[in-house]
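Visitor: There's a structure below that I have some questions on.
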Amino acid sequence: MNTRDKILNHLESNKPTSAREFHQLTCAPKSRITQLLRELTESGQLEIHSVHNGIKRYRLTELHANRRQAILDWLDGGSEGTSGAISAATGVDLQMTAQILASLSKQGEVYREWLGREKVWLYRKNAPFTFGCANQMTAFINKALREVMT
């Protein structure tokens, strides 16, 4: 198996990895690893997952899109749950599921609610329905009733 295949196989089953970790994994020269990472990034097979202290971590572009879509499909089915439940249902790694759900929440595609007793986030596709005076429909009806009564 050549170095390119080793890198791609490693990323299919593992978390995002840096060039140094690829060097330790494949025992290939650092210049060859850097060249392969540049080529794979330019071709669109890899993308930079994060940069921390000048260290770039790479991930498979298509695999991340598939994981993200699996999570969205599960939530589209009307389900709601914590990152652990979603991870178990979709088969995506727990840490990766938590990261994807956090980014989807920031983008506004998924709503999350803090469950104080369990100390976890609950994720759902649609905004939760509010009851009582916080409900806009109830407030509208109460306002109309007050106007009619006076």
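Residue numbering for the sequence shown is 116 to 265, as defined by my numbering.
Just so it is clear, CB atoms sit at the ideal spot from N, CA and C, and this is done for glycine as well.
Quantities reported herein were computed from a predicted structural model and do not represent experimental measurements.
#1: Taking only the alpha-carbon atoms, compute the straight-line gap between T176 and S218 and give it to the nearest angstrom.
#2: Would you call W189 buried or exposed, if buried means 16 or more other Cβ atoms sit within 10 Å of its Cβ?
#3: What does DSSP give as the partner residue(s) for W229 in the beta ladder?
#4: Applying the criterion that 16 or more other CB atoms from any shown protein chain within 10 Å of the CB defines a buried residue, is F255 buried or exposed?
#5: Tell me the DSSP secondary structure of E162 in three-state form.
#6: For the alpha helix (DSSP H) containing K171, list its first residue and its last residue.
#7: Just list the residues that DSSP pairs H167 with in beta bridges.
#8: Under the three-state reduction of DSSP, which class applies to T149: helix, strand or coil?
#9: Could you spell out the range, first to last residue, of the alpha helix (DSSP H) harbouring S218?
#10: Based on DSSP bridge pairs, tell me the residues matched to T132.
#11: On a Cα-Cα basis, can you pick out the residue from Y238, R174, A180 that is closest to S133?
#12: Consult DSSP for G193 and reduce its assignment to one of helix, strand or coil.
#13: For M118, does the three-state DSSP call read helix, strand or coil?
Guide: Inspection of the coordinates gives the following:
#1: 16 Å
#2: buried
#3: W236, per the DSSP bridge assignment.
#4: exposed
#5: strand
#6: Careful: K171 lies outside any alpha helix (DSSP H), inside the beta strand (DSSP E) at 170 to 175.
#7: Looking at the DSSP assignment, H167 forms a beta bridge with I170.
#8: helix
#9: 209 to 222
#10: Y173
#11: R174
#12: coil
#13: At residue 118 the sequence reads Thr, which differs from the Met that was named. It is helical.
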